[in-house]
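Q: Numbering (UniProt numbering), first residue to last: 1 to 164.
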Ligand code: S3P
C-alpha cells in the first residue's frame, strides 16, 4: 500500500488520528513537523522566528517529497497546502486525506495554544487563513472526512472504509 497522507487545518487531529491509523494498519507513523524539528534541531516557532515562513515552507516541501513514497501514515503541518507545488503533488497521490473540521471546533481545541506561530495572531487573520485554506485542502485531497463529531476511533474507521 502507498503512504496515507493526512492534511487539514491546525487542530484538525492529524497527529492523533494518524497515530491511531498507523497502529490499526501496523505501519509506521511520521509527522512532517517532527522531521523538520529533528533535522534542523530547532522548534517550529524558532524556525519561523529565525528564518521566516518561506524558509519553513521549503523545508516542508522537501520533507514531503522524501517521505511520500514510503509505506506509512504521514501527518502534515496545516500549511503544507500553501505551496501550489505541494497541492499538485498531494492531489496526484491517491491516499491524501483531508480531515475537515469546522472553525468552531478548531477554536475550541486551540483555545489556549500558543505554540503555533500562525495561530498566535488576530481573530481576523486566523479566519482569513482558515477560509483561504479550505479550498486548498479540497484541491489537494482525494478523500475528505468530516471529523467534528467523530471520535478518533470512528474517524479511523471512516478513513479505512474509504481507502481502496
Ligand atoms: C502550520 C501548522 C503547524 C506547523 C506550523 C505551521 C500552518 O502544524 O506546521 O506551525 O501553517 O498551519 P499543525 O497543523 O500540526 O499544527
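Every residue, glycine too, gets a C-beta built ideally from N, C-alpha and C. Predicted model, so just to flag it, every value in this text is computed and none were measured.
When the Cα of residue 140 is compared with those of 75, 89, 40 and 59, which residue comes out closest?
A: That would be 89, whose Cα lies nearest to the Cα of residue 140.
Q: Taking the straight line between their C-alpha atoms, what separation do you get for residue 42 and residue 80?
A: About 18 Å.
Q: So, is residue 114 buried or exposed, given that buried needs 16 or more other C-beta atoms within 10 angstroms?
A: Exposed, since its Cβ has fewer than 16 Cβ neighbours within 10 Å.
Q: Leaving out five residues on either side along the sequence, give the residues of the same chain with a beta carbon under 6 Å from the beta carbon of residue 72.
A: Taken in chain order, the residues that qualify are 3, 27, 28 and 30.
Q: Measuring only the C-alpha atoms, how far is residue 8 from residue 40?
A: Answer to the nearest angstrom: the Cα atoms are 24 Å apart.
Q: Are the beta-carbon atoms of residue 98 and residue 144 separated by less than 8 Å?
A: A contact, by the Cβ cut-off of 8 Å.
Q: Is any non-hydrogen atom of ligand 1 found closer than 7 Å to the C-beta of residue 87, if you look at the structure I gave you?
A: No, the Cβ of residue 87 stays beyond 7 Å of every heavy atom of ligand 1.
Q: With 16 as the cutoff for other CB atoms within 10 Å, does residue 123 come out buried or exposed?
A: Its Cβ having fewer than 16 others within 10 Å, residue 123 is exposed.
Q: Along the chain, where does the alpha helix (DSSP H) that runs through residue 15 open and close?
A: It spans 14-25 - the alpha helix (DSSP H) in which residue 15 sits, taken as one unbroken run.
Q: Would residue 76 and residue 14 be called neighbours here (beta carbons separated by less than 8 Å)?
A: Against a cut-off of 8 Å, the Cβ pair of residue 14 and residue 76 comes out as a contact.
Q: Run the Cβ filter for me: residues under 5 Å from any heavy atom of ligand 1, listed in the order they occur in the chain.
A: Result: 10, 33, 44, 77, 78, 79, 116 and 118.
Q: Tell me, which residues are paired with residue 72 by DSSP?
A: Its beta-bridge partners are 28.
Q: Could you please give the first and the last residue of the uninterrupted alpha helix (DSSP H) stretch that includes residue 155?
A: 152-162 is the span of the alpha helix (DSSP H), which, as asked, contains residue 155.
Q: How would you write the range of the alpha helix (DSSP H) that residue 67 sits in, first residue to last?
A: Here the alpha helix (DSSP H) through residue 67 covers 53-67.
Q: Measuring alpha carbon to alpha carbon, tell me which of 149, 162, 94 and 85 ends up nearest residue 102.
A: Out of 149, 162, 94 and 85, 149 has the C-alpha closest to the C-alpha of residue 102.
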